[in-house]
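Residue numbering for the sequence shown follows my numbering, beginning at 45 and increasing consecutively. Here is the structure we will look at.
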Amino acid sequence: MENKTSFSIAHRLATIRSSSRIMVLNGGEIVGMAGHDDLMAAAGFYHALYMSQFKGKGPGGESAPSATHSS
């Protein structure tokens, strides 16, 4: 969507992670608006949502390697 404006509405944050600007809504109110990295650094509502969706997964949303080893 280079050089275009588009709107995406998503519950899965992996869908919008690479967006240049993300508007975060909570209870119908805008509680944040920035890129993914800035929203994560702010450690607010978006950060909490992201961590709840990707807990135990790598930075791209892929499953983290298991800590167990087989011999």
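We treat Cβ as the ideally placed atom computed from N, Cα and C, and that holds for glycine.
- If one requires a minimum length of 3 residues, the beta strand (DSSP E) runs lying completely within the segment 68-94 are 73-78, in chain order.
- Taking the CA atoms as reference points, residue 95 sits about 15 Å from residue 68.
- Here the alpha carbon of residue 56 sits roughly 22 Å from the alpha carbon of residue 48.
- By the neighbour-count criterion, in which a residue is buried when 16 or more other Cβ atoms sit within 10 angstroms of its Cβ, residue 66 is buried.
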